[in-house]
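To keep things clear, I will list the structure first and then write my remarks on it.
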Amino acid sequence: MLSSSMTWTRVPLSSQRVEGRNNLSVCQLSARQLQEAVDGLEALVRRAPVLFLKQGVAQNLSSLYEFLPDSKGRRMTLRELADAFQLDDMDPRAIEQPAG
Numbered sequence: 523m524l525s526s527s528m529t530w531t532r533v534p535l536s537s538q539r540v541e542g543r544n545n546l547s548v549c550q551l552s553a554r555q556l557q558e559a560v561d562g563l564e565a566l567v568r569r570a571p572v573l574f575l576k577q578g579v580a581q582n583l584s585s586l587y588e589f590l591p592d593s594k595g596r597r598m599t600l601r602e603l604a605d606a607f608q609l610d611d612m613d614p615r616a617i618e619q620p621a622g
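Under our numbering, think of the first position of the sequence shown as 523, with each following residue one higher.
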């Protein structure tokens with residue numbers, strides 16, 4: 523039973539969707555479903571870049587792209603998208619090739 527003294531914080535649906543899809547992509551990668559992980563995050567970003575292209579999504583996409591043959595082009599497209607929608611709150615390093 524829930525305590526009546528508990529307080530709840532409402533999280534916007536868009537934030538929940540981003541976090542959920544982002545977490546799912548990590549799970550898909552560990553399950554060797556790379557393309558599904560990339561496709562899911564890209565579909566979310568295509569739907570509404572301003573709402574869904576957040577720092578964590580950009581970092582995960584950039585990391586996932588590392589396993590694809592066209593990673594440089596995909597990162598460039600991601601950077602262009604962030605610039606086109608003036609997503610200034612995103613650290614540009616989020617889209618860079620991961621150090622390794």
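Here a beta-carbon is modelled for each residue, glycine too, at the ideal position from N, C-alpha and C. Just so we're clear, the structure is a prediction, and the values are computed from it rather than from any experiment.
Using DSSP with H/G/I as helix, E/B as strand and the rest coil, what is residue 629? Only positions 523 to 622 of the chain appear in this structure, which leaves residue 629 out of reach.
Which residue wins for smallest C-alpha separation from residue 607, given the options 543, 537, 568? 568
Please name the residue in 578, 617, 585 whose C-alpha comes closest to that of residue 552. 585
Note down, in chain order, each residue of its chain lying with its Cβ closer than 6 angstroms to the Cβ of residue 619, except the 5 sequence neighbours on either side. none
Quick check on this structure: which residue in 604, 537, 597, 557 has the alpha carbon closest to the alpha carbon of residue 571? 604
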